[in-house]
Amino acid sequence: LPPSTCDWRKQEYIIKSVRDQKNCNCCWAIAAAGNVEALWAIEQRTSVEVSVQQLVDCDRCGGGCTGGFVWDAFMTVLNYSGLASEKKYPFKGTFKPHQCRANNFKKVAWIRDFIMLQDNEQLIAQYLAIHGPITVTINSKLLQQYRKGVIKPTPDTCDPRFVNHSVLLMGFGQTKRTWTETRQGGTQGRPIPYWILKNSWGPNWGEEGYFRLHRGSNACGITKYPFTARLGKSTVRPVHCPP
Amino acid sequence: TSLMAQAPGPLPQELKEVFTRFQVRYNRSYANPAELARRVDIFARNLARAQQLQDKDLGTAEFGVTPFSDLTEEEFGQMYGHQQVPATALHMSRQVGFGPEAGEK
Chain Z
10 LPPSTCDWRK
20 QEYIIKSVRD
30 QKNCNCCWAI
40 AAAGNVEALW
50 AIEQRTSVEV
60 SVQQLVDCDR
70 CGGGCTGGFV
80 WDAFMTVLNY
90 SGLASEKKYP
100 FKGTFKPHQC
110 RANNFKKVAW
120 IRDFIMLQDN
130 EQLIAQYLAI
140 HGPITVTINS
150 KLLQQYRKGV
160 IKPTPDTCDP
170 RFVNHSVLLM
180 GFGQTKRTWT
190 ETRQGGTQGR
200 PIPYWILKNS
210 WGPNWGEEGY
220 FRLHRGSNAC
230 GITKYPFTAR
240 LGKSTVRPVH
250 CPP
Chain C
416 TSLMAQAPGP
426 LPQELKEVFT
436 RFQVRYNRSY
446 ANPAELARRV
456 DIFARNLARA
466 QQLQDKDLGT
476 AEFGVTPFSD
486 LTEEEFGQMY
496 GHQQVPATAL
506 HMSRQVGFGP
516 EAGEK
């Protein structure tokens, strides 16, 4: 069983600052970059900031800032034998075709392969707790108005079949029990299990750039496309997520 | 005006104040008065929508003014989402992978 709480933001070397995709539809590239950075922090104990612009410029589908997919970002990492650093190949938030400069720079992080996890929140939590943050793609409809707290939508308010925004799953937990005073003496609310997700809209949005989504109800389609890169051998020693 | 009559939310004067605070906080300016009026209208609709989401949410989430409160749902989707993943986009099935340690194919 996975632990009851897990928060990779507390792990040493993990980059906690939140990127801002600005007017570029590159959430898919930022989520993939965040996944690679987190795995390097956990497995290699190295804090690397990789180039999102490389993923945007060198995407095989050439969608650039008009959209893309996390799995294509991972393909780009494989095709170019890794990612340059953010410092050398900085994010511009714009795209011009045929401007890929990946071969001009030394690579600071690379991956062995990438996988898609099962659409099961218990297994996703288990994988997350052992291996590190993963990317998920959700329906972003409710996020435009979101400020803080745990979103617990219904399929009517957030259709899980329509997903359009990739983010990084950083951990999970549950809210504390709440006590509501009533005439009869009070009722105790049940704790709400949640996922902790890192968005790419800057630190001024949501909970300092992060948000929480209900865990256990496929909220906003969170189980539809859970993807992660893998760095080393599959026999790598298990690591443990900070509670 | 028609919106004010039908949607819950702040009164016109309150709305003006809330919108001004939004503009200052998120450094928003608009090309002309017509655009400003349009954005105020969108802002008001979004506040009303946030209230509806608040009412329907089963968790502890708070919805309200955000950096995207002056955008329509369509604009927001175009600017900050990515393309929709159609059901047929992936020529693969779920059997492709969980990891060899978990019995992946």
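So the sequence lines, in the order shown, correspond to chains Z and C.
If you count by the numbering used here, then the first sequence holds residues 10 to 252, one letter each, in order.
If you count by the numbering used here, then the second sequence holds residues 416 to 520, one letter each, in order.
Positions of the beta carbon are idealized from the N, C-alpha and C atoms, including for glycine.
message = Please confirm whether Phe458/C has its beta-carbon closer than 9 Å to some beta-carbon of chain B.
response = In summary, chain B is missing from the structure at hand, where the protein chains are Z and C.
message = Taking only three categories from DSSP, how would you classify Arg224/Z?
response = Note: Arg224/Z maps to coil in three-state DSSP.
ask   = So, do the segment 223 to 230 of chain Z and the segment 148 to 166 of chain Z have three or more beta carbon pairs nearer to each other than 8 Å?
value = Three or more Cβ pairs drawn from the segment 223 to 230 of chain Z and the segment 148 to 166 of chain Z lie within less than 8 Å of each other, which places the two stretches in contact.
ask   = Can you tell which of Ile23/Z, Cys36/Z, Lys157/Z has its C-alpha closest to the C-alpha of Trp49/Z?
value = Among Ile23/Z, Cys36/Z, Lys157/Z, the Cα nearest to that of Trp49/Z is on Ile23/Z.
ask   = Candidates Gly91/Z, Phe220/Z, Leu87/Z: which alpha carbon is nearest Val27/Z's?
value = When each option's Cα is compared against that of Val27/Z, the closest is Phe220/Z.
query = How about Leu418/C: is its C-beta nearer than 9 Å to some C-beta of chain Z?
reply = The predicted model places Leu418/C with a pLDDT of 44, which falls under 50 and marks its position as unreliable; any figure quoted below should be read in that light. So, not an interface residue.
key: Enclosing alpha helix (DSSP H) for Thr85/Z [first to last residue]   = Boundaries of the alpha helix (DSSP H) around Thr85/Z: 79 to 88.
message = Please tell me whether Lys185/Z and Pro202/Z are closer than 9 Å, where the distance is taken between their beta carbons.
response = No. Outside cutoff.
ask   = So the beta strand (DSSP E) Tyr155/Z belongs to, where does it begin and stop?
value = First-last of the beta strand (DSSP E) with Tyr155/Z: 155 to 157.
ask   = Heavy atom of the ligand HEM less than 8 Å from the Cβ of Gly72/Z, yes or no?
value = With respect to the ligand HEM, the structure offers nothing, as it holds no ligand at all.
query = Counting contacts by CB-CB distance shorter than 9 Å, is Pro162/Z in contact with chain C?
reply = Yes - at least one Cβ of chain C is within 9 Å of the one on Pro162/Z.
inquiry  = To the nearest angstrom, how far is the alpha carbon of Glu46/Z from that of Ile39/Z?
reply    = Answer to the nearest angstrom: the Cα atoms are 10 Å apart.
task = Identify the contact partners of Val159/Z in chain C, using a Cβ-Cβ distance below 8 Å as the criterion.
result = Correct list: Gly474, Thr475, Ala476.
inquiry  = Is it the case that the segment 124 to 138 of chain Z contacts the segment 95 to 113 of chain Z, given that we only count it when at least three CB pairs across the two stretches are under 8 Å?
reply    = Output reads no: the segment 124 to 138 of chain Z does not touch the segment 95 to 113 of chain Z.
Assigned exposure category for Gln499/C - 16 Cβ within 10 Å defines buried = Reliability fails at Gln499/C, whose pLDDT of 46 lies under 50, so the model's placement of it is uncertain and the value that follows must be treated cautiously. With a 10 Å radius around the Cβ and a threshold of 16 neighbouring Cβ atoms, Gln499/C comes out exposed.
message = Rounded to whole angstroms, what is the Cα-Cα separation between Pro142/Z and Tyr234/Z?
response = Taking C-alpha positions only, Pro142/Z is separated from Tyr234/Z by approximately 14 Å.
ask   = In the DSSP assignment, what residue or residues form a beta bridge with Asp16/Z?
value = DSSP lists Gly180/Z as partners of Asp16/Z.
inquiry  = On the CB-based measure, 16 or more other CB atoms within 10 Å of its CB, does Gln20/Z come out buried or exposed?
reply    = With at least 16 other beta carbons inside 10 angstroms of its own, Gln20/Z counts as buried.
ask   = Going straight from the alpha carbon of Thr166/Z to that of Asp470/C, what length do you get?
value = Distance between the alpha carbons of Thr166/Z and Asp470/C: 11 Å.
key: Short CB-CB distance (under 9 Å) between Gln428/C and chain Z   = It does not: the Cβ of Gln428/C has no partner Cβ on chain Z nearer than 9 Å.
ask   = Of all Cβ atoms in chain Z, is any one closer than 9 Å to the Cβ of Tyr445/C?
value = For Tyr445/C, the answer is no, since every Cβ of chain Z falls outside 9 Å of its Cβ.
inquiry  = For Glu450/C, would you say it is in contact with chain Z, using Cβ-to-Cβ distances shorter than 9 Å as the test?
reply    = No, because no Cβ of chain Z sits closer than 9 Å to the Cβ of Glu450/C.
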